[in-house]
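Just so we're aligned, residue 7 is where the sequence shown starts under my numbering, counting upward by one.
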Amino acid sequence: MCAWFQKFSDSLLGKRKGSETKVSSTAAGRRRRITLGLDFGTSTSKCCFREEGDGKPFVFAEFAGPGGAGSSPLFDTAVAVRDRKLLFGPDATRAAEVIRSFKMCLPCQARLEAGTPQTGRCPRCSEILPGTFEIAGTTVSAEDLCTLHLSVMLSEVLPRIPAAVGADASRLRVHVNAAAPLDQLREFGSVGPYFERVVYYAFRLAESGSPRRSWQVKDAIDALEAIRREPKPSESESPTALFPETHAAMTGFLLLPESEKGLYGLIDVGAGTSDISFFWLQKDENDTRAWYYATGTTPKGMDDVDRSLAPLLNEPHDRLRAKRESMGADWVSEHSGMFDDVGRAIDKHYTSVYGNARQLDQRDWAWTDRQGVAQFRLFLVGGGAGCEPLVERMCKAPPRGIRWSEQPSRLLVPANVSVVSPSGVLNSLRGAGFESARPLLLLAYGLAHPRPDVPKFERDREGVVVVKVERERITHEDLY
Ligand SMILES: [Zn+2]
């Protein structure tokens, strides 16, 4: 581990200052504003909340494990059915037939409803009616399933907030920040509105208090329909907001006192998708902001690695991930030849995003010095950042003979953030033994910042998502 990374890992949140949004107690009325970062992941979902204001602690929610045993800040993105009841999260994982990765079926549903042809057969949802699932004789859409899943999770978190921040519930106003893959946000595709509705109605449903981990199918659908009949506020009035995943992951880092002005690359390999971006971090006393050069999402991730390894793992597709994880990192490395195509696809995407970034800033020396040493710092995020064969590749690409003065590092949440147990006990993440979850919690952590500043994103002529940096903000002196 490099020294810089160690310094970052050990940094104390209590030291944060200067870079925070100033609290506007007047604008918020007298109610204290809570920002809840909701990371709806393809394989696990996470929640982090925080009261707005300098130095306020970040608190992750822990969720009881299957049947109430054990707990974890990771809530399985899984649904199952038993006796006409829907089971959610950890409770679903023990059932005979588990539906996983259903988030990836929002695009299936969106394509069907927009009349766009499906891109190949989806292994998860219905072949006859893409974007839906047959559950106990009821056709449930991916959107419904996503909404119900998040509502169950949020309904477990909301009641714990008042005690955790030391306030009466009536004195609090909760806002939810969630993330979506960059190219699926409203500006870029038709799936954005689906994500927005999912998050909004999940929150409303959670507030109603009706969600249950074990929930009658009919009751769940009825509750969802009832909440959808209520008027929905305009986007500016909404208690929920959506941000690009990449930016959310970086936000936690950007705001740390240790982060320095400079050029950065970020590779986030998730279960379903991989995001890659390059940006300039502007940082002075008044302003901390990322100006993006280029960014993009590719629908390749650890699920594809698992599918490639399936002949060896010999498990049904919903159990591949667990089996692969149980085999250990060395086993995965030994069989890396089987998922070489996944690595190549992510590599290709990386090279193309890097190329786009270089188009915007064509000064070679800004990217590499004369010896070919990279002048940008690379971060690896997400579950795939722990997959050695993929990481090895990423550390070599783009194929221009780049070397690093400091090896690309994994971005983690600080170990001293808090977790609140299902019974409301506050612990530090380290003390609670969730060390290994730290890389996976970054997105929720970044989203729990009240105002992840989102720069302007645009599409280029070819329809590739390119984020144009506001070049006038970067002067030569800024760079060197
Ligand atoms: Zn699907």
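From the three backbone atoms N, C-alpha and C, an ideal C-beta is built for every residue, glycine too.
Only a predicted model underlies this, so the values are computations on that prediction, with no experimental measurement involved.
DSSP state of Lys-267 mapped onto helix, strand, coil: Counting from one through the sequence shown, the residue named residue 267 turns up at place 261. Lys-267: coil per DSSP, three-state reduction.
According to DSSP, what are the bridge partners of Ser-51? Along the sequence shown, one-based indexing puts residue 51 at 45. Residue pairing by DSSP places Ser-51 opposite Phe-46 and Phe-81 in a beta bridge.
In three-state terms, what does DSSP make of Phe-115? For the purposes of this step, residue 115 is taken as residue 109 along the sequence shown, with counting starting at 1. Checking the sequence, you will find Gln at residue 115 rather than Phe. In the displayed model, Gln-115 falls within a helix according to three-state DSSP.
With a cut-off of 8 angstroms on the beta carbons, I'd call Val-223 and Lys-329 a contact; round off their distance for me. Mapped onto the sequence shown, residue 223 falls at position 217. Mapped onto the sequence shown, residue 329 falls at position 323. Val-223 to Lys-329, Cβ: 29 angstroms. No contact.
Check: Arg-130 C-beta below 6 angstroms from any heavy atom of ligand 1: Working through the sequence shown from its first residue, we reach residue 130 at position 124. Distances from the CB of Arg-130 to the heavy atoms of ligand 1 include at least one below 6 angstroms.
Grab me the residues of Ser-265's own chain with a C-beta within less than 6 angstroms of its C-beta, minus the 5 sequence neighbours each way, in chain order. Position 259 of the sequence shown, counted from the start, is the residue given in the question as residue 265. Apart from sequence neighbours up to five positions away, the residues of its chain that approach Ser-265 with a beta-carbon distance below 6 angstroms are Phe-259, ordered along the chain.
Helix, strand or coil for Trp-221, going by three-state DSSP, please let me know. Translated into positions along the sequence shown, residue 221 becomes position 215. Annotated three-state conformation of Trp-221 is strand, per DSSP.
Sequence-distant residues of the same chain with beta carbon closer than 6 angstroms to Thr-145, five excluded per side: On the sequence shown, position 139 is the one that residue 145 refers to. In chain order, Thr-138 place their CB closer than 6 angstroms to the CB of Thr-145, counting only its own chain and leaving out the 5 sequence neighbours on each side.
Cβ of Glu-251 within 7 angstroms of Cβ of Ala-185? Working through the sequence shown from its first residue, we reach residue 251 at position 245. Working through the sequence shown from its first residue, we reach residue 185 at position 179. Result yes, Cβ atoms of Glu-251 and Ala-185 sit closer than 7 angstroms.
Please confirm whether Arg-100 and Pro-72 have their CB atoms less than 7 angstroms apart. Along the sequence shown, one-based indexing puts residue 100 at 94. Along the sequence shown, one-based indexing puts residue 72 at 66. In contact: Arg-100 and Pro-72 (Cβ atoms closer than 7 angstroms).
Integer-rounded CB distance, given that His-455 should sit under 8 angstroms from Thr-303: If you number the sequence shown from 1, residue 303 lands on position 297. If you number the sequence shown from 1, residue 455 lands on position 449. With a beta-carbon spacing of about 22 angstroms, Thr-303 and His-455 fall beyond the 8 angstroms limit used to define contacts.
Tell me the rounded alpha-carbon separation between Ala-421 and Gln-124. As a working note, residue 421 is residue 415 in the sequence shown. As a working note, residue 124 is residue 118 in the sequence shown. For Ala-421 and Gln-124, the distance between alpha carbons rounds to 43 angstroms.
Report yes if the C-beta distance between Arg-36 and Arg-179 is below 7 angstroms; otherwise report no. Against the sequence shown, residue 36 aligns to sequence position 30. Against the sequence shown, residue 179 aligns to sequence position 173. Taking 7 angstroms as the cut-off, the beta carbon of Arg-36 is found no closer than this to the beta carbon of Arg-179.
Helix, strand or coil for Lys-28? Go by DSSP, reduced to three states. Working through the sequence shown from its first residue, we reach residue 28 at position 22. Here Lys-28 scores only 41 on pLDDT, less than 50, and its place in the model is too uncertain to base an answer on.
If you follow the alpha helix (DSSP H) that Glu-452 is in, where does it begin and where does it stop? To locate residue 452, count along the sequence shown from 1; it is residue 446. Note that residue 452 is Gly in the sequence shown here, rather than Glu. Residues 448 to 453.
Give the DSSP-derived three-state secondary structure of Ser-434 in the structure shown. For this step, residue 434 is matched to residue 428 along the sequence shown. Residue state, collapsed to three classes: strand.
Alpha carbons only, please: which of Ala-175, Cys-111 and Pro-239 is nearest the one belonging to Ser-147? The count along the sequence shown starts at 1 and reaches residue 147 at position 141. For the residues Ala-175, Cys-111 and Pro-239, the minimum Cα distance to Ser-147 belongs to Cys-111.
If you drop the 5 nearest sequence neighbours on each side, which residues of the same chain put their C-beta closer than 7 angstroms to that of Arg-88? Locating residue 88 in the sequence shown gives position 82, counting from the first residue. Close CB contacts of Arg-88 within its chain, under the 7 angstroms cut and outside five residues either way in sequence, are with Ala-101 (chain order).
Can you tell me which of the three DSSP states Glu-140 falls into? Counting from one through the sequence shown, the residue named residue 140 turns up at place 134. Reduced to three states, the DSSP call for Glu-140 is strand.
Let me check one thing: in DSSP terms, what residues is Thr-303 bridge-paired to? Reading the sequence shown from its first residue, position 297 is the one you call residue 303. According to DSSP, Thr-303 bridges with Asp-281.
Let's test the definition: count the other Cβ atoms within 10 Å of the Cβ of Gly-47 and tell me whether it reaches 16, buried, or not, exposed. Residue 47 sits at position 41 when you count from the first residue of the sequence shown. Gly-47 sits buried, since 16 or more C-beta atoms from the chains shown fall within 10 Å of its C-beta.
With 16 as the cutoff for other CB atoms within 10 Å, does Ser-51 come out buried or exposed? Translated into the one-based positions of the sequence shown, residue 51 becomes position 45. The residue is buried, with at least 16 neighbouring Cβ atoms inside 10 Å.
With Pro-168 as the anchor, note down where its alpha helix (DSSP H) starts and where it stops. Taking the first residue of the sequence shown as position 1, residue 168 is located at position 162. Taken as a continuous stretch (DSSP letters only), the alpha helix (DSSP H) holding Pro-168 covers 167 to 171.
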